[in-house]
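Each remark here refers to the structure printed beneath this line.
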Amino acid sequence: MANRTFGWIQNPSSTDTLRNILGIFVPGSDFHTFMVSERLPLLASAGLFKTPGLYMDFQKILRRNKSIAYDILKGQGAGGESRSKAKCSGLAQAAVTGQQFKDYVVDGKNIRIKKPYTDDWTADGFLRWAVSLGFLDYNYADDTCCITNSGVSLVMAKTPKEKNTILGRAYLSYPPVCRVLGLLASKGHLTKFEIGSQLGFTDEAGFTSFPQNIWVQAYEEASDDKEKKTLRSDTEGSSDKYARMICGWLEAIGWVNKKPKTVKENIGAKSYTCIITSAFEITDLGIANYNKALGKSKDPRISKFVYREMLASKASDANYLRMRRSIILMYLENHTPRTLDEIKTHLASKNIKEDLTTIKDDMTGLINIGMDIEYDGSCYILNDNIEKLAPYQEQIAKDTTDTVAVKNRARLRLHNIDHKYLTLIDYAFSGKDKCIDFEVYTIDLLVNELAFNGVHLGGTRKPDGIFYHNNNGVIIDNKAYSKGFTISRGMADEMTRYVQENNDRNPERNPNQWWLNFSDNVNHFNFVFISSLFKGNIELMLNNIKQSTGVEGCALTVENLLYFADAIKGGDMHKDAFIDQFGAGKEIVCTIYRT
Numbered sequence: 000m001a002n003r004t005f006g007w008i009q010n011p012s013s014t015d016t017l018r019n020i021l022g023i024f025v026p027g028s029d030f031h032t033f034m035v036s037e038r039l040p041l042l043a044s045a046g047l048f049k050t051p052g053l054y055m056d057f058q059k060i061l062r063r064n065k066s067i068a069y070d071i072l073k074g075q076g077a078g079g080e081s082r083s084k085a086k087c088s089g090l091a092q093a094a095v096t097g098q099q100f101k102d103y104v105v106d107g108k109n110i111r112i113k114k115p116y117t118d119d120w121t122a123d124g125f126l127r128w129a130v131s132l133g134f135l136d137y138n139y140a141d142d143t144c145c146i147t148n149s150g151v152s153l154v155m156a157k158t159p160k161e162k163n164t165i166l167g168r169a170y171l172s173y174p175p176v177c178r179v180l181g182l183l184a185s186k187g188h189l190t191k192f193e194i195g196s197q198l199g200f201t202d203e204a205g206f207t208s209f210p211q212n213i214w215v216q217a218y219e220e221a222s223d224d225k226e227k228k229t230l231r232s233d234t235e236g237s238s239d240k241y242a243r244m245i246c247g248w249l250e251a252i253g254w255v256n257k258k259p260k261t262v263k264e265n266i267g268a269k270s271y272t273c274i275i276t277s278a279f280e281i282t283d284l285g286i287a288n289y290n291k292a293l294g295k296s297k298d299p300r301i302s303k304f305v306y307r308e309m310l311a312s313k314a315s316d317a318n319y320l321r322m323r324r325s326i327i328l329m330y331l332e333n334h335t336p337r338t339l340d341e342i343k344t345h346l347a348s349k350n351i352k353e354d355l356t357t358i359k360d361d362m363t364g365l366i367n368i369g370m371d372i373e374y375d376g377s378c379y380i381l382n383d384n385i386e387k388l389a390p391y392q393e394q395i396a397k398d399t400t401d402t403v404a405v406k407n408r409a410r411l412r413l414h415n416i417d418h419k420y421l422t423l424i425d426y427a428f429s430g431k432d433k434c435i436d437f438e439v440y441t442i443d444l445l446v447n448e449l450a451f452n453g454v455h456l457g458g459t460r461k462p463d464g465i466f467y468h469n470n471n472g473v474i475i476d477n478k479a480y481s482k483g484f485t486i487s488r489g490m491a492d493e494m495t496r497y498v499q500e501n502n503d504r505n506p507e508r509n510p511n512q513w514w515l516n517f518s519d520n521v522n523h524f525n526f527v528f529i530s531s532l533f534k535g536n537i538e539l540m541l542n543n544i545k546q547s548t549g550v551e552g553c554a555l556t557v558e559n560l561l562y563f564a565d566a567i568k569g570g571d572m573h574k575d576a577f578i579d580q581f582g583a584g585k586e587i588v589c590t591i592y593r594t
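In numbering that gives the first Met the number 0, the protein residues as written are 0 to 594.
Set out below in structure tokens:
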């Protein structure tokens, strides 16, 4: 079975392009005629097909008026080349006009036109969008797509009003749109960060939200306009991007207004104020249509399209999670109130054994993706009608990787802190791809959940972060390693340099003066390496750093960091007792355990 990723859309935004791709499936439509008589001949004449035979293959497919294989629509990747140099290999690629002008030779003549096709990644994004909104139907059995009645209606729409009406109904069938509308309707003017932090399964990779107060702090303390521009354009979590894209769709049909928001954030004794331009308000039209989704108008409640791929994103055990959550939703489909124990028993009948904490987190996540699920303190009831959710034909085994094992173990021990911080485990085991996320969310935990003072630093000639309490400060080095981390000589030298810079506080040695982020009253310091697991002679390397700097430090796994955090939040450990352990000269372990 092909591995498709329907459900969560980050990049496509042009509904005109979406409509053109749907036009491939509608013979006689303006765009279908254009493809047959102009676009495909142009690509053939300019030698832009990956293989010459694709021209006739695509012409035959367009005249057949049947389902089209997903691979034929999406095409192939660049095969090791850059996307910009890849030739056209998919029908959906040919339906998308690029942004840049290019020079081509057609029938012996030089022409300059916008690139008449796109890459497979962009084409796939539009196809996933079309499927997720119910304009295309996807068949799991043979990996094909066909157009739906609503898709035909969008292609044949004559006026902007008619087009927006069709789009609006489709948006209301897409759960994340309803989640965003619900947040804006209940909480008013929100930034993308405020929406993103409540969107998706926030306790797993793939649904990250950059902590707003840490972003504001970084923006206000940015050293130059270039750094501020990077923060504005590139610094956001995946859920923040989902929120921004969804609000862009809704803004285009008048349901949401984009309106900058002035936010004030306090971190420790400092206060920061700035304007976040990516912020949104719901309109009266948006509220009226959101009520349609809830069945509060004269119109019947609109069914939700839920492809199982929506039920997990980038978690290492995503397929298992999707299966488990699919079974839960199908169990709730008859709208009967169910307790957690009843859901647990039903899962067990399907050979899925999970604890109540895990199931509760699943229910929170299902609400956060936009399912209308009510909880009265004892029972959950699903108000939505669901379409497109295909049952799994085979049992998917539970993942036993280190990441999943640690996460499952930690979930049962964390009673006080927000379970979104379980994503720290994903990041710690992810390797270098998610190292910045690991740094940021470590500071998020310490500052926002535990109320320490702290700053994410990172970048050139800076430690990853610092935090402090009263007169005690700690220098942090996050290490994201999938198989565990060994403190090498080079890593020890790097930490030694940071500690010595803090000891000397000489701007000539390091002009960025990162140590000024400690409060003036902080006069006792330690350092810490935080990672997934530790290997090798940790104590020897920690002692070497101490001998070079006179400062003691420790090693701390992300799992134990979470246990310490939970103990502090639950009142079982004081902050002073926690920070006192950072001079242990070894790996520290939390022994406080509340069942």
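Where a beta carbon is used, it is the ideal one built from N, C-alpha and C, also for glycine.
- According to the DSSP assignment, D106 belongs to no alpha helix (DSSP H), since it is labelled neither H nor E.
- A direct Cα-Cα distance of roughly 19 Å separates T399 from A479.
- Taking a contact to require three or more Cβ pairs closer than 8 Å, the segment 152 to 168 and the segment 257 to 269 do not qualify as touching.
- Only buried fits S88, as 16 or more other CB atoms lie within 10 angstroms of its CB.
- Annotation for H345: the continuous alpha helix (DSSP H) segment containing it runs 339 to 348.
- For H31, the enclosing alpha helix (DSSP H) begins and ends at 29 to 33.
- Closest in C-alpha terms to K191, from the list I245, S172, C144, F200, comes I245.
- Each of C553, R18, Q216, G549 was checked against the Cα of Q499, and the nearest Cα belongs to G549.
- The beta carbon of N350 is closer than 7 Å to those of Q394 in its chain, skipping five residues each way along the sequence.
- Apart from sequence neighbours up to five positions away, the residues of its chain that approach F200 with a beta-carbon distance below 6 Å are F206, G364, ordered along the chain.
- The beta-carbon distance between N19 and L171, rounded to whole angstroms, is 23 Å. This is too long to meet the 8 Å contact definition.
- Residue pairing by DSSP places H468 opposite N471 in a beta bridge.
- DSSP places F528 within a strand segment (E or B) once states are collapsed to three.
- Within the model, the alpha-carbon separation for K84 versus N516 is close to 46 Å.
- The beta carbon of P11 sits closer than 6 Å to those of G124, F125, W128, all from its chain and outside the five residues before and after it, given in chain order.
- F279: member of the beta strand (DSSP E) spanning 278 to 281, first to last residue.
- Assigned with DSSP and collapsed to three states, K478 falls in strand.
- Taking the Cβ atoms as the reference, Y54 lies roughly 4 Å from A43, within the contact range of under 8 Å.
- The three-state secondary structure of A317, taken from DSSP, is helix.
- Under DSSP, the beta-bridge partners assigned to K257 are F279.
- Contact between R410 and T357 holds: CB atoms are separated by about 6 Å, below the 8 Å threshold.
- In the structure shown, the three-state DSSP call for Y271 is strand.
- The secondary-structure analysis by DSSP pairs D136 across a beta bridge with C145.
- Its Cα nearest to that of S208, the residue E235 stands out among E235, I587, S13.
- Annotation for E558: the continuous alpha helix (DSSP H) segment containing it runs 557 to 568.
- Cβ atoms of L445 and G457 stay farther apart than 8 Å, at about 15 Å.
- When DSSP reads this structure, D102 sits in a beta bridge with R111.
- Between the alpha carbons of S149 and L21 lies a gap of roughly 10 Å.
- D371 counts as buried, since no fewer than 16 other beta carbons sit within 10 angstroms of its beta carbon.
- The DSSP-derived three-state label of E264 is strand.
- By the C-beta density criterion, S315 is buried, having at least 16 other C-beta atoms within 10 angstroms.
- The continuous stretches of alpha helix (DSSP H) do not include I372, which lies in the beta strand (DSSP E) extending over residues 372 to 374.
- Of I435, A292, Q98, R62, the smallest CA-CA separation from N384 is found for A292.
- Bounds of any alpha helix (DSSP H) do not take in V95, whose DSSP letter is neither H nor E.
- Using a Cβ-Cβ distance cut-off of 8 Å, the segment 178 to 192 and the segment 306 to 313 are not in contact, since fewer than three pairs of beta carbons, one from each stretch, lie closer than that value.
- When the alpha-carbon of Y319 is set against those of H334, E332, K397, the nearest one is in K397.
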